[in-house]
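Below is one structure, written out as structure tokens, with a few remarks after it.
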Amino acid sequence: MSDNMYIQKEIDTETAEKIYRHLYKTLGNAIGFQVARDIIGMGEDEFDPDKAEESLNTIINTLAATFGRKTASNMVIVTIRSEFEDEISTAILSKINFGNIV
Numbered sequence: 000m001s002d003n004m005y006i007q008k009e010i011d012t013e014t015a016e017k018i019y020r021h022l023y024k025t026l027g028n029a030i031g032f033q034v035a036r037d038i039i040g041m042g043e044d045e046f047d048p049d050k051a052e053e054s055l056n057t058i059i060n061t062l063a064a065t066f067g068r069k070t071a072s073n074m075v076i077v078t079i080r081s082e083f084e085d086e087i088s089t090a091i092l093s094k095i096n097f098g099n100i101v
């Protein structure tokens, strides 16, 4: 099983962008937006709709490398559960490979 977290099944662009922006905003509120930008290497407005999964994978794996996989997975799970209805959040979470952490 992979040690990295990644999107293992296609997530639509709108959903990926919503998750990306919420994760970025949460991190920015916690540590400051400039620090968040420095850590992630891209800003909230740099989500690429043509590479939605790649953008989302970038933020998820940067969070995992910076704060640990368990913390990053918790951030992703809380973000998805707070942004989407129960059935939708469960479907989205099933598309993410959390490696061997959850």
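Residue numbers are given in numbering that gives the first Met the number 0: position 10 of the sequence shown equals residue 9, and the series is strictly consecutive.
The beta-carbon is built from N, C-alpha and C at its ideal position, and this holds for glycine as well.
This structure is a prediction, so every number in the text was calculated from the model and none was measured.
(1) Does the separation of the CB atoms of A71 and L62 fall below 9 Å?
(2) Can you grab the Cα-Cα spacing for the pair I10 / R80, in whole Å?
(3) When the Cα of R36 is compared with those of K69, F83, L22, which residue comes out closest?
(4) To test your reading of the DSSP string, which unbroken alpha helix (DSSP H) runs of 4 or more residues are found completely within the segment 27-64?
(5) Would E43 and G27 qualify as a contact pair, given that the criterion is a beta-carbon distance under 9 Å?
(6) Quick check on I76: does DSSP put it in helix, strand or coil?
On the basis of the coordinates in this document:
(1) Less than 9 Å separates the beta-carbon of A71 from that of L62.
(2) Distance between the alpha carbons of I10 and R80 is about 15 Å.
(3) Comparing Cα-Cα distances from R36 to each of K69, F83, L22, the minimum goes to L22.
(4) Unbroken alpha helix (DSSP H) runs of no fewer than 4 residues, entirely contained in the segment 27-64, are found at 32-39, following chain order.
(5) Yes.
(6) DSSP places I76 in helix when its eight states are reduced to three.
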